[in-house]
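Single-structure report; data block below.
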Amino acid sequence: MSKIILVDMDGPLANFEEGVIDVWKRCYPDRPCLNLNERKSWWSEKEWETLRKGYWNDALVLIETPGFFKNLSVVSRSREALEKIINAGYTVQICSTPRDGLIHTVEDKKAWLIEFFWKDIANSAIFTHDKTTVVGDYLIDDKPDIVGSKVPSWKQILWDMPFNQQTNGMPRVKSWKEVLEYFKIE
Ligand SMILES: [Mg+2]
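Just so you know, the sequence shown maps onto residues 63 to 248 in our numbering.
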């Protein structure tokens with residue numbers, strides 16, 4: 063059986079953080095923005111509350127507005143890399159956490175996958191709040207402390223972000239070129 067590589071969306075595939083900053087600047091040009099290099103953790107809410115007190119609720123409204131996820135830009139060379147990984151014999155499955163209770167974010171994410179990747183990968187995508195229950199050999203994800211109800215079957219490959227620099231103990235990749243190198247795919 064081919065090995066399964068689970069791939070997170072926000073971070074490795076979709077420029078979520080950049081999308082938040084763009085929409086914030088557009089909607090609130092007179093307010094300070096929370097730049098990525100100021101962040102010390104993955105948890106947006108905590109970071110906004112600490113560094114931009116009182117602004118998180120407005121940021122959340124923007125993130126949870128229908129269409130936000132559909133409009134995110136694609137991480138450089140991700141589509142080409144996923145095609146190469148699949149051609150090398152791996153099964154690639156998208157594994158993403160939607161916004162809590164908001165079905166439209168699942169629909170937006172699926173529509174995004176169809177637009178920028180392909181239909182099959184959208185159809186097989188898993189949307190869950192507990193990634194530890196998903197079976198796979200590897201998980202490429204930018205969240206450093208994934209916990210849940212199970213001991214994960216996958217090994218995490220950490221997608222490098224400014225806010226996860228303190229995390230050690232797992233392989234780290236900075237680009238899809240590095241992912242291909244990790245799996246020794248040309
Ligand atoms: Mg992510």
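Note that beta-carbon positions come from the ideal geometry of N, C-alpha and C, so glycine has one too. Source: prediction; values computed, not measured.
{"Query": "Three-way DSSP call (helix, strand, coil) for S140 in this model", "Result": "helix"}
{"Query": "contact_flag[the stretch 97-107, the stretch 128-143] where n(CB pairs < 8 Å) is 3 or more", "Result": "no"}
{"Query": "Option nearest D170 by Cα separation, candidates D72, I147, S64 and D203", "Result": "D72"}
{"Query": "Proximity test, K102 beta-carbon vs ligand 1 heavy atom, cut-off 8 Å", "Result": "no"}
{"Query": "Three-way DSSP call (helix, strand, coil) for D207 in this model", "Result": "coil"}
{"Query": "Where R234 falls: helix, strand or coil (DSSP)", "Result": "strand"}
{"Query": "CA-to-CA distance, V154 to I202, given in whole angstroms", "Result": "11 Å"}
{"Query": "I219 - partner residues in DSSP beta bridges", "Result": "I202"}
{"Query": "Beta-ladder partner(s) of C157, from DSSP", "Result": "I188"}
{"Query": "Nearest-angstrom beta carbon gap, F225 and S103 [assumed within contact, 8 Å]", "Result": "6 Å"}
{"Query": "Euclidean distance between Cα positions of W221 and T167", "Result": "22 Å"}
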